[in-house]
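Novice:
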Amino acid sequence: MMNKSLYPSEVPDDRFEVLNNLKDSQKPIKILILGGLNSGKTTLTTFLANELLNLNYRVAIIDCDIGQKSILPPATISLSFPKTNFSNLYELKPYKSYFVGSTTPIQFFGDIVVGTKLLCDYAEDKADVVIVDTTGLITGSGADLKRMKIEMIKPDIIIALQKRNELKSILKPFENKIRIFYLKVYENAKSFSREERKEIRAEKWKEYFKTSKIYNIGFNDVIISGSRIFQGEKILKDEKYLLESLFKWKILYGVKCEGRYTIVKRDLANMVRQIDKNILYYIEPERFNNLIVGLIDEEGFCIGLGILKNINFENETLEILSPINEDEIKNLKEIRFGRIKVNENGEELGLLDRDLI
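Heads up, the sequence shown is in numbering that gives the first Met the number 0, so the first residue is 0 and it goes up one at a time.
#1: Do you know how far the Cα of A74 is from the Cα of V99?
#2: For my contact list, E343 and I306 are in at a C-beta cut-off of 8 Å; report their separation, rounded to the angstrom.
#3: Is the separation between the beta-carbon of T133 and that of L290 shorter than 8 Å?
#4: Which one of G299, R286 and K308 has the shortest CA to CA distance from I356?
#5: Specify, as a first and last residue, the run of the alpha helix (DSSP H) that S168 falls within.
#6: Since L52 is in the alpha helix (DSSP H), which residue starts that stretch and which ends it?
#7: Does the count of Cβ pairs from the stretch 195–208 and the stretch 175–182 closer than 8 Å reach three?
#8: Alpha carbons only, please: which of C256, E327, Y252 and I228 is nearest the one belonging to F336?
#9: Throw me the rounded Cβ distance for the I208 and L88 pair, which I believe falls under 8 Å.
#10: Quick one: what's got a C-beta closer than 8 Å to N219's C-beta in the same chain, skipping five residues either side?
#11: State whether the stretch 121–133 contacts the stretch 12–32, with contact taken as three or more CB pairs (one from each stretch) at a distance under 8 Å.
#12: If you follow the alpha helix (DSSP H) that K422 is in, where does it begin and where does it stop?
#13: Taking C-alpha atoms, which residue in Y56, T42 and T44 lies nearest to Q25?
#14: Rounded to the nearest angstrom, how far is the Cβ of L331 from that of V221, given a contact under 8 Å?
#15: Three or more C-beta pairs closer than 8 Å, one from the stretch 265–284 and one from the stretch 163–175: is that the case here?
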């Protein structure tokens, strides 16, 4: 499998200087690693974690890079507690994960910040050092995401990997509050094209879902979140009949919330329909096909991912393909809809806008 980083054979001296400074810090230490694409954040995470393990530190790693996920499953933020040396984050197993449901941070800032904060809080009680590996989005809205993450988790140390001074504007408000180490991007850091990144993701999706089976889960057996079609009260029979008559639809399912209707439908006639979507919002059932869903436990953490293969609105069941086992499914309390579509072969089929479902 293609991976982004391995334990480095050559390490610049400034990385060891940071490591020496960590020895004098009061535990637990929260370290946030920032840098743009191909800056070596994951390689640095791997180096620091291994060296700290060699010094008998209890280490926690939080993988926030949802676009190039190292600790599976994809589309989540994952926490791991490595016990022995490792060459790649991919080798590590998640102890806890938080579901984001996408491989791009845009539209999911709240999920990313909340998930990172929850996992940091969880890790602080169990580790001497918590290392947070972030995404490579550092301009525009990405700069806002980094600011929010810093403000929320309050790291003790920030390590900024820069080619020039691209992180200065993000970190200037924190320079007198948090210890910041500005490091140069390693000159031999490997670059990956967009296509290579997509190929890496495809391999990891395929690896994750390779031992999956189908589960049929009733609407009333779990909480269903992340889609407006499960918000509010089901429409009444006379409302359904009226909407079908007006718009020549077959309505498969419908709800109303605060005076607004959301329905799943099929067209029965080819006609022009004048519809105010602020009052009536409609969705074709195919929009849900192959959507990634998070399988959530009682604490709000993600016990695994599933691919939504079908929604049977008549029988009110979800058909979900997932690698989690029969014992794990017993802890399922909530199914949360994501916004990326993937098939079991690892092929990404598209991203949905957050408001589309």
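Cβ coordinates follow ideal geometry from the N, Cα and C atoms, glycine included.
Specialist: Once the coordinates are examined:
#1: Cα to Cα, V99 sits roughly 6 Å from A74.
#2: Taking a contact as a CB-CB distance under 8 Å, the pair E343 and I306 counts as one, their CB atoms being some 6 Å apart.
#3: In this structure, T133 lies away from L290, with their beta-carbon atoms at least 8 Å apart.
#4: Checked all of G299, R286 and K308; the closest Cα to I356 is R286.
#5: DSSP places S168 in the uninterrupted alpha helix (DSSP H) bounded by K167 to L170.
#6: K40 to N53 is the span of the alpha helix (DSSP H), which, as asked, contains L52.
#7: Using a C-beta cut-off of 8 Å, the stretch 195–208 makes no contact with the stretch 175–182, since fewer than three inter-stretch Cβ pairs fall below that distance.
#8: It is I228 whose Cα lies nearest to the Cα of F336.
#9: Looking at the sequence provided, one finds Phe at residue 208 rather than Ile. Contact between F208 and L88 does not hold, since the beta-carbon distance rounds to 20 Å and is not under 8 Å.
#10: Taken in chain order, the residues that qualify are E315.
#11: Because the criterion of three Cβ pairs below 8 Å is met, the stretch 121–133 and the stretch 12–32 touch.
#12: The requested residue 422 is not part of the displayed model; the chain covers only 0 to 356.
#13: When C-alpha distances from Q25 are compared across Y56, T42 and T44, the shortest belongs to Y56.
#14: That pair is a contact at about 6 Å.
#15: No, because fewer than three Cβ pairs between the stretch 265–284 and the stretch 163–175 fall closer than 8 Å, the two stretches do not touch.
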